[in-house]
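Heads up: the sequence shown runs through residues 1 to 135, numbered per full-length UniProt numbering.
All residues carry an ideal CB built from backbone N, CA and C; glycine is no exception.
What you are looking at is a predicted structure, and each value in this text was computed from that prediction instead of being measured.
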Amino acid sequence: MISIPTQQILLIEDNADYRWELACCLETSLSNCQIVTLSENEQALAWLSYAPVQPDLILWSVDMMLKDNFQQIIAIQNNDVCKYVPIVALADYCNEEWILRCYRMGVKAYVVKPHSKGECLALERIIESFQPITT
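Written as C-alpha cells, this is what we have:
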C-alpha cells in the first residue's frame, strides 16, 4: 500500500550536510511527511511562487534570513498564495536580538538547530503542532 504524504515541509538551509541530515531525520521519524529541501533564498521564493501545492510549514535557517535582511520573508508575506504558510526559524544558537526580530517578522517559532536525536525530537514536536487538521 502506498502512503501519501499528508504534510509537506520546505527546509531552506545552505549547509548541504546539515540539510541532508535534518531532512533524513525528519522524514524517518515523522509519519506521512515529505521534506522539500532548497539551499538558496531565491530558490525558495521561486519554488513557493510556482509550486503546485504550498507546503504546510517552512523551516528556514536564520543565517539565510539575515543574508538578505529578511527580504524573502517580506516577499512571502506579500504573496497571496503562500503568506499563510507558517515559518519556523532554525538558528545555530539563541540570540535575543534575532529571536525578537524573527517574531516581529511573523515567524511562528525560533528553534536552535537540532544536532542530536533528543534535539530532533523537540523539533518534531514543534512541527507536529503545525500539522493541518484533517477530517
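Under the Cβ criterion (8 Å, minimum of three pairs), the stretch 51-68 counts as touching the stretch 82-93. Judged by their CB atoms, Gln72 and Asn41 are nearer to each other than the 7 Å cut-off. For Cys120, the enclosing alpha helix (DSSP H) covers residues Lys117 to Ser129. According to the DSSP secondary-structure assignment, Trp60 is paired through a beta bridge with Ile12 and Ala89. In the DSSP annotation of this structure, the continuous segment of the beta strand (DSSP E) that includes Ala109 starts and ends at Ala109 to Val112. Here the stretch 9-22 makes contact with the stretch 34-52; the two share three or more CB pairs at distances below 8 Å.
Relative to the Cα of Gly118, the nearest Cα in the group Thr6, Cys25 and Asn15 belongs to Cys25. Judged by DSSP in its simplified three-state form, Gln72 adopts helix. In this structure, the beta-carbon distance from Met105 to Phe130 does not fall below 7 Å. Per DSSP, the continuous beta strand (DSSP E) segment holding Gln34 begins and ends at Cys33 to Leu38. Here Gln77 carries a helix assignment [DSSP, helix/strand/coil].
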